[in-house]
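Step one of this worksheet: look at the structure below.
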Amino acid sequence: MRRVTGRTYYDAMGYSTVATILNDLATSTACPLTVNAFWASGRSAWFADEEKQRDLAKGWADACLDTGARWGGGESQTLFGQVNAKTAVLAGSATGIIHPKDDYPGDGHMLEDGDCILLAPSTGIHDNGLTLSRQIARSLPQGYRTKLSDGMMYGEALLVASRQYSPLVQELLGKVDIHYLAHITGHGWRKLMRAQRNDLRYIIDQVPQPQPVFDFIERHYPQTETLLEMYSTFNMGAGYALFMPESDAQTASEIAEGTQVIHS
Numbered sequence: 100m101r102r103v104t105g106r107t108y109y110d111a112m113g114y115s116t117v118a119t120i121l122n123d124l125a126t127s128t129a130c131p132l133t134v135n136a137f138w139a140s141g142r143s144a145w146f147a148d149e150e151k152q153r154d155l156a157k158g159w160a161d162a163c164l165d166t167g168a169r170w171g172g173g174e175s176q177t178l179f180g181q182v183n184a185k186t187a188v189l190a191g192s193a194t195g196i197i198h199p200k201d202d203y204p205g206d207g208h209m210l211e212d213g214d215c216i217l218l219a220p221s222t223g224i225h226d227n228g229l230t231l232s233r234q235i236a237r238s239l240p241q242g243y244r245t246k247l248s249d250g251m252m253y254g255e256a257l258l259v260a261s262r263q264y265s266p267l268v269q270e271l272l273g274k275v276d277i278h279y280l281a282h283i284t285g286h287g288w289r290k291l292m293r294a295q296r297n298d299l300r301y302i303i304d305q306v307p308q309p310q311p312v313f314d315f316i317e318r319h320y321p322q323t324e325t326l327l328e329m330y331s332t333f334n335m336g337a338g339y340a341l342f343m344p345e346s347d348a349q350t351a352s353e354i355a356e357g358t359q360v361i362h363s
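To convert a position in the sequence shown, counted from 1, into the working numbering, add 99.
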């Protein structure tokens with residue numbers, strides 16, 4: 100895509116890396132404090148591309164600023180023989196604080212019969228299902244240049260930066276009774292079932308409209324049970340799930356209005 104548009108897209112990739120880390124951290128309701136970077140490549144020349152490195156640093160820094168976290172440094176390593184010489188690993192870690200420490204919904208013990216599930220929309224594919232998405236691109240005559248129904252190129256749609264949900268979670272704390280949080284990443288909507296409560300089931304009766312990139316992938320999906328597999332792999336337009344009493348749903352939606360629209 101850089102050869103097509105002239106953009107490196109590493110600002111979006113840096114932002115998305117931090118977003119993925121902090122969105123996971125937010126499932127514990129922790130307020131992020133610091134984010135440490137780990138960037139590694141199989142050759143030192145990867146770090147010599149100044150435009151790429153500038154965009155990567157900007158995206159990483161912007162993601163930290165958007166959540167109020169500090170960029171706590173990290174590692175930039177050349178791992179010859181361990182990482183493919185043409186690729187890089189973008190990763191990191193984060194530290195946060197849960198307050199009050201007893202108010203931790205991470206294992207699902209707070210879930211109750213009758214709770215409402217609110218879905219916060221994604222910006223697109225985020226960081227999961229990209230292996231399959233690349234496989235699809237190889238089967239297209241125009242590859243990543245193929246246009247979607249909204250006019251965006253397929254490659255551009257795959258590189259839209261992920262959404263940050265940590266600010267939304269922090270804004271809701273103390274105003275609604277959050278019983279559980281799920282970051283809808285790998286394994287798609289199956290992430291809603293991770294709570295260890297075998298006595299409860301969930302019913303989804305309304306779903307958000309997936310972005311055009313998902314419609315495109317579905318049409319080219321190399322499986323028979325396409326729709327089931329799509330929701331088992333991708334976020335399908337919903338990046339985060341918040342479980343709470345139904346009486347709190349309206350308040351949560353009003354709080355999110357103007358920043359992130361929540362679909363109930």
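Backbone N, C-alpha and C define an ideal beta-carbon position, used for all residues, glycine too.
* What are the boundary residues of the alpha helix (DSSP H) that ARG169 is part of? -> Counted from its first residue, the sequence shown places residue 169 at position 70. Careful: ARG169 lies outside any alpha helix (DSSP H), inside the beta strand (DSSP E) at 169-177.
* Hey, would you say LEU218 sits closer than 8 Å to ALA294, going by beta carbons? -> In the sequence shown, the residue the question calls residue 218 occupies position 119. In the sequence shown, the residue the question calls residue 294 occupies position 195. Contact: no.
* Would you check if there are 3 or more beta carbon pairs closer than 8 Å linking the segment 214-228 to the segment 170-190? => Result no; under three Cβ-Cβ pairs closer than 8 Å.
* Asked: What is the DSSP secondary structure of HIS362, reduced to helix, strand or coil?
  -> Your numbering for residue 362 matches position 263 in the sequence shown. Here HIS362 scores only 39 on pLDDT, less than 50, and its place in the model should not be relied on; the value that follows carries that caveat. In this structure, HIS362 counts as strand in the three-state DSSP scheme.
* To do: Look at the Cβ atom of ALA118, then the Cβ atom of SER238, and state whether they are nearer than 8 Å.
  => If you number the sequence shown from 1, residue 118 lands on position 19. If you number the sequence shown from 1, residue 238 lands on position 139. Contact flag unset, no.
* Since I believe SER221 is in contact with ASN334 (beta carbons under 8 Å), could you give me their beta-carbon distance rounded to a whole number of angstroms? => Mapped onto the sequence shown, residue 334 falls at position 235. Mapped onto the sequence shown, residue 221 falls at position 122. About 5 Å separates the two Cβ atoms, so the contact holds.
* Length of the line joining the Cα atoms of PRO131 and LEU327 -> Indexing the sequence shown from 1 puts residue 131 at position 32. Indexing the sequence shown from 1 puts residue 327 at position 228. Pairing PRO131 with LEU327, the inter-Cα distance amounts to about 34 Å.
* Asked: How do the segment 282-300 and the segment 203-210 stand: do at least 3 beta-carbon pairs fall below 8 Å, yes or no?
  -> These segments touch.
* To do: Determine, using beta carbons only, whether LEU280 comes closer than 8 Å to chain B.
  => In the structure shown, chain B cannot be found, because there is only a single protein chain.
* To do: Leaving aside the five residues before and after TYR301 along the sequence, list all residues of the same chain whose C-beta is less than 8 Å from its C-beta, in chain order.
  => For the purposes of this step, residue 301 is taken as the residue at position 202 of the sequence shown. Here the set comprises ILE216, LEU291, MET292.
* Selected residue, minimal CA-CA separation from SER331, among SER265, TYR114, LEU231 -> Residue 331 sits at position 232 when you count from the first residue of the sequence shown. Checking every option, the nearest Cα to that of SER331 belongs to LEU231.
* To do: Note the first and the last residue of the continuous beta strand (DSSP E) segment covering THR194.
  => For the purposes of this step, residue 194 is taken as the residue at position 95 of the sequence shown. Segment 187-196, the beta strand (DSSP E) holding THR194.
* **the segment 140-151 contacting the segment 190-202, beta-carbon criterion three pairs below 8 Å** => No, the segment 140-151 is not in contact with the segment 190-202.
* Could you give the distance in angstroms between the alpha-carbon of ASN227 and the alpha-carbon of ALA281? -> Taking the first residue of the sequence shown as position 1, residue 227 is located at position 128. Taking the first residue of the sequence shown as position 1, residue 281 is located at position 182. Their backbone Cα atoms lie some 15 Å apart in a straight line.
* Asked: Straight-line CA distance for LEU124 to SER248?
  -> Here residue 124 refers to the residue found at position 25 when the sequence shown is read from its first residue. Here residue 248 refers to the residue found at position 149 when the sequence shown is read from its first residue. LEU124 and SER248 have their C-alpha atoms roughly 34 Å apart.
* Asked: With burial defined as no fewer than 16 other Cβ atoms inside 10 Å of the residue's Cβ, what is the status of PRO309: buried or exposed?
  -> As a first step, residue 309 must be located in the sequence shown, where it is residue number 210. With 16 or more Cβ atoms within 10 Å of its Cβ, PRO309 is classed as buried.
* Buried or exposed: which applies to ILE303, given that a residue is buried once 16 or more other Cβ atoms fall within 10 Å of its Cβ? -> Position 204 of the sequence shown, counting from 1, holds the residue named residue 303. With fewer than 16 Cβ atoms within 10 Å of its Cβ, ILE303 is classed as exposed.
* What residue does the beta strand (DSSP E) around MET329 start on, and which one ends it? -> Numbered from 1 along the sequence shown, position 230 holds the residue referred to as residue 329. In this chain, MET329 is not harboured by any beta strand (DSSP E); it is covered by the alpha helix (DSSP H) spanning 325-332.
* Keeping to the same chain, check which residues put their C-beta closer than 7 Å to that of SER143; ignore five residues upstream and five downstream. => Residue numbering aside, residue 143 sits at position 44 when the sequence shown is read from its first letter. Contacts found: THR177.
* **Same chain only: Cβ atoms within 6 Å of GLY254, ignoring 5 sequence neighbours per side** => Numbered from 1 along the sequence shown, position 155 holds the residue referred to as residue 254. Counting only Cβ-Cβ distances below 6 Å, and skipping sequence neighbours, we find MET100, TYR243.
* To do: Give the secondary structure of SER248 by DSSP, where H, G and I count as helix, E and B as strand, and everything else as coil.
  => Here residue 248 corresponds to residue number 149 of the sequence shown, with the count starting at 1. The three-state secondary structure of SER248, taken from DSSP, is coil.
* Asked: So, helix, strand or coil for ASN122, using DSSP?
  -> One-based indexing of the sequence shown puts residue 122 at position 23. Three-state result, ASN122: helix.
* **Sequence-distant residues of the same chain with beta carbon closer than 6 Å to ASP154, five excluded per side** => Taking the sequence shown and counting its residues from 1, the one referred to as residue 154 is at position 55. Same-chain partners within the cutoff: THR107, TYR109, ASP110.
* Enclosing beta strand (DSSP E) for LEU218 [first to last residue] -> Looking up residue 218 in the sequence shown gives position 119. Looking at the DSSP string, the run of the beta strand (DSSP E) that includes LEU218 is 215-220.
* Count the other CB atoms within 10 Å of the CB of VAL103; is the residue buried (16 or more) or exposed (fewer)? -> The count along the sequence shown starts at 1 and reaches residue 103 at position 4. VAL103 is exposed by the Cβ-count criterion.
* Three-state secondary structure (DSSP) at VAL275? -> Walking along the sequence shown from the start, residue 275 turns up at place 176. In this structure, VAL275 counts as strand in the three-state DSSP scheme.
* Asked: GLY336 to ARG289, Cα distance in whole Å?
  -> Walking along the sequence shown from the start, residue 336 turns up at place 237. Walking along the sequence shown from the start, residue 289 turns up at place 190. When rounded, the distance between both Cα atoms is 14 Å.
* Note down the Cα distance separating ALA256 from MET112, rounded to an integer number of angstroms. => Residue 256 sits at position 157 when you count from the first residue of the sequence shown. Residue 112 sits at position 13 when you count from the first residue of the sequence shown. Taking the straight line joining both Cα atoms gives about 13 Å.
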